[in-house]
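To keep things clear, I will list the structure first and then write my remarks on it.
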Amino acid sequence: MRSPTTFLLHAGLCVFVGGSGIPADWEEASAHSNFLFTETDAKVEPSLKASVGNGYLSFVVGSDTMYAAGLFNGAAPTTTTTTTAILGDDGTSMRARLPSYTSISLDAEFDVFATGLDLNHGTYSRRSTNQDSSTSIEQKWFCSQSQRHVCVMELSAVSIEDRTLSLVDGSGEWSDDLQILERETDGEFTILAAETAAEEFEGSGTIPVSIVFSTFISSVSLKAGLPSTFHTITAIRTAGDCNGGDNTCENSQEYVDGLSQLALSDAKDALEGLRNGSFFADHTLAFADLFESGVEVTGRTDVSRAVNSSLYYILSAIRADTFYSLSPGGLASNSYNGHTFWDCETWMLPPLTLLRPEVAKSALIYRFNRLTGAKLKAKSYDPPYAGAMFPWESASTGEEVTPAWAATGAREQHISADIGLAVTQYFYATLDMQFMEDHGMTMLEEIATFWLSRVEFDDEGGAHIVDVIPPDEYVDHATDSVYTNAAVAQFFYAASDVFQRLTNGEDAPSAWKSTADALVLPFDEQQNIYLEHADYKGEQIKQADVVLLDYPLGVEMDDEVKKNNLEYYANVTDPGGPAMTWGVHSLGYLGLQMWEEASENFNRSFANTQNSPYLVWQETPTGGATNFLTGAGGFLQTVLNGYLGVRISQNGLRIFPTLIEGSSKVVLRSLNFVGCKIDVVVLEDEVTVRFADDCEIDLFIGIEGDECSPFVSKVSFATPLAGQIFISTTQKIK
Ligand SMILES: *[C@@H]1O[C@H](CO)[C@@H](O)[C@H](O)[C@H]1NC(C)=O
Ligand SMILES: *[C@@H]1O[C@H](CO)[C@@H](O)[C@H](O)[C@H]1NC(C)=O
Ligand SMILES: *[C@@H]1O[C@H](CO)[C@@H](O)[C@H](O)[C@H]1NC(C)=O
Ligand SMILES: *[C@@H]1O[C@H](CO)[C@@H](O)[C@H](O)[C@H]1NC(C)=O
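Numbering (mature numbering (1 follows the signal peptide of the UniProt record, and there is no 0)), first residue to last: -19 to -1, 1 to 715.
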């Protein structure tokens, strides 16, 4: 590989390339793990390349495809969702492919010599030069964090002599998922008014979308020694994104009618802003704001990088002001058809609830806006259930869109408890009364109604849930999946408590608690372990299942049982299973203060990302879906809820930190609790908790069991801690 000795940036700056091949201006950021550098990613598999995104638009750099949140095309399977079968066609619902008009490359004369994903600015850069190094090019891609409808490719070039630069259009074929209604041009922009080709359900409607992009120019001229900058802009608007994507805009038809004009002004404003510098500056500010909260680990660069990149990829796929949700493969891919599963509420939302609660709220509002779909699903069973039964896979309407070949659509049902628990966790973390009044309480009541109609009682008063698929999807038609039953019970307990708090002490329907008490959790007295389901006999399992009882469900059990569960189920877990399993084992061992086992499992928990220079998450050790945000979310939980020991409950916030093996300091920045921002600094001999901002609510802090005192600015505790650190809105801590 030729390594040019100098590289000219558009600012006219002369930057030397160091011996490692890393450009000098990238060196420092790269050393801090905020910048993932590689000389050339030409050899990196397409699925492991870097992506950029702003939670509304996202794409893998270099691919011919871009995706927009909520823009799904294709029919759900024709279903009669009974408990035994889904009938009919497989279903074709998936994300609609948008041609990626920012995908522009240089002709074969140029070689890439440096690429980097900048986690501090949300940009991906690629530097190239020609054979005699007479022309230097930098291309930079990003989707604006402050203007969600716009993504940009910026090309900066400088040449020693006058020349023409040839560009190659990588946007590929027009998309089968979209029908063009109208095509126009306005100056340098092409305007396409389109709509998705097929509706999700009969009568649910196709989705209008407007695409405005810089018309492709195949060559540009460069003047000797004069740096030039060009921009290629894509602006996308869909009918669903007015008013934050709730699909209920007051003037929805008006919005749709004006879609192309809005997208055109998005593009024109962006171009002007790019030329005067404000567009990128606004993006950078918004991006920095988004990453205000985070975790810094001194001494374990691998962990820091994994934390920073995991947060980066999750926050590229969802945003606070657009009410869509997360899919296991993120927003830059069509893995799992872009659908939303339990992965969102159980694996990705817990870290967001602590770090970016407004983003977690947006994902919950996505569910609220689709309660009608969940009620239709409940009614589709024979006999019908009541309330809200959330689909295993959700896209536009919130009705079931799992392909018909997968039995999970009919029988993987714990998701309705998972969503309910995410609502209660969000409430305990934020005390957001407005959300509960507008959305949360209705969700809890509808979910409770569903489970009451779903549970069956035996003659002795035991409550059972039959014929389900547990998180371990190698099993079907299970009776009393221990995870499902425990999740439903924990949901009923939490929902009862929240109900009481929101009604000034009125009791929740008594059936909520009594059903929770009656739900049977299969247990093997001989081996002193929980059984995955009533008929479990030691078969291989796909992924973490029983071990989820301890964390995140918080089912009370002896340490001995916890330990037995971890050991027993690790032994029978498919080593080729998905990424989030080992983080849960690490969390379990941390709770037992078994440090060596915790470290081993922790290391294993993020090994799947290490295959790619951009730390793209793979679903399994050998492949599967990318960018596997479920793994990213599970990993962040191991750091936040495991090593930092953060727990949110009805009593407040608990923190019980331990240093990560090999690190000398861990800083949790701007943890959000009831609207206050809290920093936690963990050192070998001391833990310090301090306010990161002026907080409007009175908080109290202390060690569990002790008297607590007003939390004013900063409190330090010597380690080993005598107990968990408690922060609460009430003086008395249980
Ligand atoms: C991770 O990102 C934060 C900024 O969000 C930064 O302060 C920190 O240095 C990064 N981690 C490392 C190891 O550089
Ligand atoms: C730059 O352009 C944007 C977009 O038109 C405009 O809103 C902004 O005021 C301009 N800023 C400056 C400093 O000229
Ligand atoms: C794990 O599996 C091995 C081999 O099947 C067995 O000998 C061992 O007892 C198992 N350990 C546990 C904790 O179940
Ligand atoms: C975990 O990984 C770190 C960094 O590679 C290493 O130093 C440590 O020994 C590993 N711990 C275990 C228990 O494997």
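For glycine and all other residues, C-beta sits at the position ideal for the given N, C-alpha and C.
Only a predicted model underlies this, so the values are computations on that prediction, with no experimental measurement involved.
- The beta strand (DSSP E) enclosing residue 395, as first and last residue numbers: Segment: none, residue 395 is in no beta strand (DSSP E) and carries neither H nor E.
- Quick one, are the C-beta atoms of residue 217 and residue 38 less than 8 Å apart? yes
- Between residue 278 and residue 644, is the Cβ-Cβ spacing less than 8 Å? yes
- Query: How many Å lie between residue 473 and residue 16 at the Cα?
  - Reply: 44 Å
- Message: Considering just the uninterrupted stretch of the beta strand (DSSP E) at residue 40, what are its terminal residues?
- Response: 38 to 41
- Using the beta-carbon of each residue, find all residues closer than 5 Å to any heavy atom of ligand 2 and list them in chain order. 250, 253, 254, 257 and 259
- Task: Identify whether residue 63 lies in helix, strand or coil by the three-state DSSP scheme.
- Result: Note on residue 63: pLDDT 46, under 50, position unreliable in the model; the coordinate value appears next. If DSSP states are grouped into helix, strand and coil, residue 63 belongs with coil.
- Message: Quick test of the definition: if touching needs 3 or more C-beta pairs under 8 Å, does the stretch 628 to 636 touch the stretch 338 to 355?
- Response: no
- Enumerate in chain order the residues of its own chain whose CB-to-CB distance from residue 97 is below 6 Å, with the five nearest sequence positions on each side excluded. 7, 16, 18 and 106
- Query: Which partner residues does residue 278 have in the DSSP bridge list?
  - Reply: 647
- Since residue 138 is in the alpha helix (DSSP H), which residue starts that stretch and which ends it? Residue 138 -> not in any alpha helix (DSSP H); beta strand (DSSP E) instead, spanning 131 to 140.
- Report the three-state DSSP secondary structure of residue 475 (helix, strand or coil). helix
- For residue 27, three-class secondary structure by DSSP: helix
- Counterpart residues of residue 469 in DSSP-defined beta bridges: Note: residue 469 sits in no beta bridge, so no partner.
- Task: Return the Cβ separation of residue 607 and residue 29 in integer angstroms, given the expectation that the two are a contact with Cβ distance under 8 Å.
- Result: 6 Å
- Closer than 8 Å by C-beta to residue 181: which residues in its own chain qualify, once you throw out the five before and the five after it? Chain order, please. 53, 55, 56, 57, 74, 376, 377, 378, 380 and 382
- Task: Look up residue 414 in the DSSP assignment and say whether it is helix, strand or coil.
- Result: helix
- If you draw a straight line from the alpha carbon of residue 418 to that of residue 425, how long is it in whole angstroms? 11 Å
- If we call anything under 8 Å between Cβ atoms a contact, is residue 296 one with residue 335? no
- Smallest Cα separation from residue 92: which of 268, 285, 587 and 113? 113
- Task: Check whether the Cβ of residue 584 sits closer than 7 Å to any heavy atom of ligand 4, and report yes or no.
- Result: yes
- Item | Cβ pair residue 162, residue 211 closer than 8 Å | no
- Message: Taking only three categories from DSSP, how would you classify residue 99?
- Response: strand
- Query: Taking Cβ positions, are residue 583 and residue 567 nearer each other than 8 Å?
  - Reply: yes
- Let me know if residue 176 comes out buried or exposed under the rule of 16 or more other beta-carbons within 10 Å of its beta-carbon. buried
- Message: Assuming the contact rule is C-beta atoms closer than 8 Å, residue 428 and residue 397 should be a hit. Round their C-beta distance to whole Å, please.
- Response: 5 Å
- Item | Contact under 8 Å by Cβ, residue 636 with residue 705 | yes
- Item | First and last residue of the uninterrupted alpha helix (DSSP H) at residue 432 | 422 to 435
- To the nearest angstrom, report how far apart residue 164 and residue 373 are at their CA atoms. 38 Å
- Are the beta-carbon atoms belonging to residue 513 and residue 451 less than 8 Å from one another? yes
- Between residue 588 and residue 287, what straight-line distance do the alpha-carbon atoms span, to the nearest angstrom? 10 Å
- What are the boundary residues of the beta strand (DSSP E) that residue 331 is part of? Looking at the DSSP string, residue 331 is not in any beta strand (DSSP E); the run it does join, the alpha helix (DSSP H), is 330 to 336.
- Item | Meets three-Cβ-pair contact criterion under 8 Å: the stretch 190 to 204 and the stretch 232 to 249 | yes
- Quick check: the stretch 124 to 134 against the stretch 245 to 265, are there 3 or more CB pairs under 8 Å? yes
- Message: Does the beta-carbon of residue 567, which I'm using as the reference point, lie nearer than 7 Å to any heavy atom of ligand 4?
- Response: no
- Among 305, 434, 293 and 234, which one has its Cα closest to the Cα of residue 363? 434
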